[in-house]
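Accompanying notes for the structure given below.
Protein chains in written order, with the numbering used here: chain A, 1 to 599; chain B, 1 to 383.
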């Protein structure tokens, strides 16, 4: 057990690419926590997807022992938090588990929107914040301008910001020293009943579910019987460790300490981030405040490209769910796409991460249907229903009104692109809440409907700002609007996988875009095919795919019989990848492309 | 009766050499500096004897010299081959002996010799009726030479056919109308009119892949050109009896009809394909493509056949349908079913409803609208 005064718990707040993981690596390296030969880049980002995308999805932690200049050895616990808004709740819990943050800002780039959201979380958690200016050795570094920006935009004192280069190691000893001298030690009562926060959990194939905890009060020991206060579940602690970052067993964790435990917990689903852990007997009375169950805000269908892979998909989703309690899934059938799952996610990035992991780690080819948000249907009989899938939209005569989720979007953008960004937000039914300047960059705050954002907002924003804008959002509530279900009909047959909820004023434009795209994607048939977008019985956009005019082999003699037969056999095999709608065959690729939202 | 007898029995001989390779051509053709024609004669004779033993007792209906450029063969070589054929099979009284010829002046000089050897029909590769386009197609002859060669051919052979390629780069409907009218005025008894097809593995294919083959008509314009072709040929008494082949009544290529009526044919020469019914099984046979490899195989192993496979009843039915539906006489449903094929009545009804096929008297026939989308029709029928 370590004395409270010798413990410092902290997180690092940074925008993607601003050097969070590299700084963490340097801290680990300089303190000799990991032997030089075991170092690999970005130690804490364990998943391939995390390394590739430069993001952190799961919280992670490392315990560092640091002999400070005052002659004492300190235990520094770094919790590496998820860096994305989709995991905002997880971030807030991680922040509550530590007392201070290093705010890492790229001295050549300045503050970004994502940094803001996380730094506000840190401020909310009453953190002491130490600004760190990274990449100070780059020719484009402007430390003074960035310091000023930190003060203007975030409103914290940046005069003592530490200049570093995580890449070269410059300034790292100053950071270690600042952690000890500038961040507060944790508080807690060793003799009080056990009160610990469940910070995160994950599934380990050898150990089962591993739970990361921060002890607030009391002492947690191996062999203790514990209670999860939100779920009421009881477990016996089988293994208690600290992460360095490899697991090192420890007899007990006292106040202020961070570690992991295993307790024969079968599924990650049985653990709740933010839950309070106490002893079964003589436990604490009140749980920690702020607990929230996971809330899915974006839904989409995931279908195997090859219908024969459905069972593999089911198995893969169930396995992934062992490790990620924050997405939901239920079986779904679509006339277009066959059997699949309707899945709910914390946000768009979460959706992408899960889909990528299913495709990569389980080697599946998937079709993702257009993401949909959760609508509130207020029925005429007073009932309120949640709508996760436009295909389930009931007859309008039973619906009184529909509410949709709105977000508060914060966008930081260089001046020159401001006009385009404002236009994009206006086009997406946005309401401007704020517009301010920090140096040559504008900070725009908009109230936007989430359904417009899940469509292709990120891509459009990136393209109109040449990638210079940064964007973040939080859900602010539900509001009534003129929402309608738009159906797509091919040869007068509705195609369920393509129906979507849209605002009435935007329906015609979206319908037009969809039918034009489908006209390009559906191969010509022997007959002409009308492609329509409709709201109820009213057609709002229509294209006609003309009949095939020429498809014949000019020369076919004795030598061509085999080749031609094999070609027809191959086409027959290809037909199996087509989906039949009445008399029209739509290739799988057409769905994939139509559902990609990159006009 | 064995099924092949519905179509007859023919012999295809492949001569694999050309003076130069045309940029659109994906046939098995090679350019060689020196060719030992007597060595080829011996190989052909050996193969004829071998295939003759397998098909003993049959009457041979047709012989076709294809290539390559068979008009590069010495008339003596052609004579030796035909002598060997006559010594091997009983030939039909009206046997058709066709040789593909380039319409150049040198080739025309050999026409008399071919006729004396027994060739009674030539099929000439005119391809275009203007010199600029001939050059673009990589052809070595001029229009003037072709007209002269055509005249010589008319004097030497009972029957003369020629080929044109249309739907070429930058070709307009009006230009094709003028060109085809000019060609029809030559009064051949048979015309093969092919739309330019860009094949992989050719110079045109590579150019197209690089986006450098410009001005090709889209499918709609190509369809219009096809319709115009039918209109002009019908008016000239040369209706289409097959997708790309037109003839005066009775002047159809009997050899090619064997393919389309799904008869038996032996293929001799590099890359030649055959269909032979032996001991109740139908074999698909394919010889190695490289001229040297084929020669060695014949000389050392005593057979030119490379790949052979037996065709399942379903394969045979599919081949019969896709070949016979190319003909204006269409396909016999009874024969298709006897071979092992199946068609849902609803599919036929659908296609009749769309105006793509006609049904009657136990046959189905592609309509003119159906013929130009025949691959689509076949996909439906064979689904």
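For every residue, glycine included, the Cβ atom is placed at its ideal position computed from N, Cα and C.
With a cutoff of 8 Å on beta-carbon distance, residue 118 (chain A) and residue 91 (chain A) are scored as near each other. Residue-level contact check: residue 501 (chain A) does not touch chain B, since none of the beta carbons of chain B fall below 8 Å from its beta carbon. The C-alpha of residue 86 (chain B) lies about 29 Å from the C-alpha of residue 30 (chain B). DSSP, read as helix, strand or coil, puts residue 572 (chain A) in helix. When the beta-carbon positions are compared, residue 325 (chain A) and residue 260 (chain A) stay at least 8 Å from each other. Its Cα nearest to that of residue 407 (chain A), the residue A:471 stands out among A:471, A:351, A:228.
With 16 or more other Cβ atoms inside 10 Å of its own Cβ, residue 357 (chain B) counts as buried.
The beta-carbon separation of residue 376 (chain B) and residue 548 (chain A), rounded to 5 Å, stays under the 8 Å limit for a contact. Taking the beta carbon of residue 124 (chain B) as reference, no residue of chain A falls within 9 Å; the closest one sits roughly 16 Å away. Interface annotation for the stretch 550-574 of chain A against chain B: 550, 551, 552, 553, 554, 555, 556, 557, 558, 559, 561, 562, 564, 565, 568, 571, 572, criterion Cβ-Cβ distance under 7 Å. If you ignore the 5 residues before and after residue 378 (chain B), its C-beta comes within less than 8 Å of the C-beta of 321, 322, 325, all in its own chain and listed in chain order.
According to the DSSP secondary-structure assignment, residue 247 (chain B) is paired through a beta bridge with B:190. Using a Cβ-Cβ cut-off of 8 Å, residue 1 (chain B) does not count as an interface residue toward chain A, since no Cβ of chain A sits closer than that to its own. Note that the C-beta distance between residue 79 (chain B) and residue 122 (chain B) is not below 8 Å. Here residue 60 (chain B) is near residue 92 (chain B), since their CB atoms are less than 8 Å apart. In the DSSP secondary-structure assignment, residue 94 (chain B) is not bridged to any residue.
Judged by their CB atoms, residue 192 (chain A) and residue 223 (chain A) are not nearer to each other than the 8 Å cut-off. For residue 354 (chain B), the chain A residues whose Cβ falls inside 9 Å of its Cβ are 526, 527, 547, in order along the chain. For residue 145 (chain A) against residue 125 (chain A), the beta-carbon gap comes to about 28 Å, at or over 8 Å, which does not count as contact. Neighbours of residue 375 (chain B) in chain A, taken as residues at a C-beta separation under 7 Å, are given in chain order as 551, 552, 553. Assigned with DSSP and collapsed to three states, residue 208 (chain A) falls in strand.
Residue 79 (chain A) sits away from residue 28 (chain A), with the two beta carbons spaced by 8 Å or more. Interface flag for residue 281 (chain B) against chain A is unset, since no Cβ pair is found closer than 8 Å. Shown here, residue 169 (chain B) sits in coil according to DSSP, grouped into three states, outside any helix or strand.
Contact between residue 594 (chain A) and residue 514 (chain A) is confirmed by a C-beta separation of about 7 Å, below the 8 Å threshold.
The three-state reading of DSSP puts residue 9 (chain A) in strand, counting E and B together. Within 10 angstroms of the beta-carbon of residue 401 (chain A) lie fewer than 16 other beta-carbons, which makes it exposed.
Between residue 200 (chain A) and residue 273 (chain A), the C-beta spacing is below 8 Å. Under the criterion of beta carbons closer than 8 Å, residue 16 (chain B) and residue 205 (chain B) do not qualify as touching, at roughly 20 Å. Chain-order list of chain A residues neighbouring residue 197 (chain B): 553, 554, 555, by C-beta distance under 9 Å.
In this structure, residue 297 (chain A) sits near residue 475 (chain A), with a CB-CB distance shorter than 8 Å. Spatial neighbours of residue 586 (chain A) in its own chain (CB-CB distance under 6 Å, excluding positions within 5 residues in sequence) are listed in chain order as 522, 579. Here DSSP, grouped into helix, strand and coil, assigns residue 92 (chain A) to helix. Residues of the same chain with a CB within less than 8 Å of the CB of residue 186 (chain B), apart from the 5 flanking positions on each side, are 147, 150, 162 in chain order. Within the stretch 159-171 of chain B, no residue has a Cβ lying closer than 8 Å to any Cβ of chain A. Taking all protein chains shown into account, residue 308 (chain A) has fewer than 16 neighbouring C-beta atoms within 10 Å of its C-beta and is therefore exposed.
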